[in-house]
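Notes for the one structure printed next.
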Amino acid sequence: MLVNWEGIRAFFHSVKRPRTLLPHAKFPSFTDVPVSISQHLSNAYGRPVDIRGIVLDKDDCITIPNKQNIPNENLKKLRELQNKFGKSNILLVSNSIGSKKQDPTGKDAAYFEDRWEIPVLRHSKLKPLCEQEVWEYFQEFTQVQNPSQLLFIGDRLLTDSTMANRMGAWSLWLCVGVQGSSSWMNKLEGHIYRTFQPMGPILPRTYEKDN
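With this note's numbering as the guide, the letters of the sequence shown map in order to residues -19 to 191.
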């Protein structure tokens, strides 16, 4: 069993700053995510939001945990988002495939990438501490100019939402996921959300390109 010590350390850091755990939007599952997510966030926060890239988690977001198959309804949503944002602008970032600790040869990442036509990040650090590797990808392969143009979609406050807030990006929490798990982790994160949600999430700084 993989022990995410990076995540554990990040959790104790977040205890001091609990707003770093909070997402900017919440939907039950991946199929509920609106393609017009920029407009959704703009309406919710009363400010212009310009999402140009998406960081997408894998397990219990678009697949059953530790499986390689994407259910048809999730694949349809993925294609809709790819048509909207461009294939290179949606990056899969998972601790189960692509990470050197869980997938050291990158074989699983390469298989998933080829089968489903989505880039998979190879990263040396586990989430939520691989933000530099995420940002390097978007700088090299996309036109994303600032982390505030990124949206993280994931099922974990302790990794996905935390990493988004560490970077100054937007985050979207899938609070039910593929299986609707009632595990202790899901219950813990539900409790965390209900406890700190009244504080409100940390808003990314609006990016304005210099003239």
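Built from N, CA and C at the ideal position, the CB exists for glycine as well.
In the structure shown, Ala5 adopts extended strand secondary structure according to DSSP, grouped into three states.
DSSP places Ser151 inside the beta strand (DSSP E), whose first and last residues are 150 to 154. Linking Lys81 to Val100 through their CA atoms gives a straight-line distance of about 15 Å. Pro84 is classed as exposed because its beta carbon has fewer than 16 other beta carbons within 10 Å across all chains shown. Annotated three-state conformation of Gly86 is coil, per DSSP.
The count of Cβ pairs closer than 8 Å, one atom from the region 60 to 80 and one from the region 103 to 111, reaches three, so the stretches are in contact. Counting along the chain, the unbroken alpha helix (DSSP H) around Gly170 starts and ends at 164 to 176. Cβ-Cβ distances below 6 Å link Asp88 to Ile77 in the same chain, with the five nearest sequence neighbours on each side left out; the list follows chain order. Each of Leu183, Ser151, Tyr173 was checked against the Cα of Gly33, and the nearest Cα belongs to Ser151. If you compare the alpha carbons of Gly134, Asn126, Thr139, Ile98 with that of Lys105, the shortest gap goes to Thr139. Judged by pairs of C-beta atoms under 8 Å, the region 8 to 20 touches the region 54 to 67, as three or more such pairs exist.
Within the same chain, Cβ atoms closer than 7 Å to the Cβ of Pro45 are found at Asp39, the five residues on either side in sequence being excluded. Contact between Leu21 and Val29 holds: CB atoms are separated by about 4 Å, below the 8 Å threshold. For the 8 Å CB-CB criterion, Val15 and Lys64 form a contact. In the three-state DSSP reduction, Leu72 falls in the strand class (E or B). Look at Thr0 here: in three-state DSSP terms it is helix. Here Ile17 carries a helix assignment [DSSP, helix/strand/coil].
About 7 Å separates the beta carbon of Leu183 from that of Tyr25, a gap short enough to meet the 8 Å contact definition.
Going by DSSP, Leu183 is part of no beta strand (DSSP E) at all; its letter is neither H nor E. In this structure Leu131 touches Ile17 by the C-beta definition: roughly 6 Å separates them, less than 8 Å. Annotation for Arg185: Ser128, Gly148 place their beta carbon closer than 7 Å to its own, counting only its chain and skipping 5 residues before and after.
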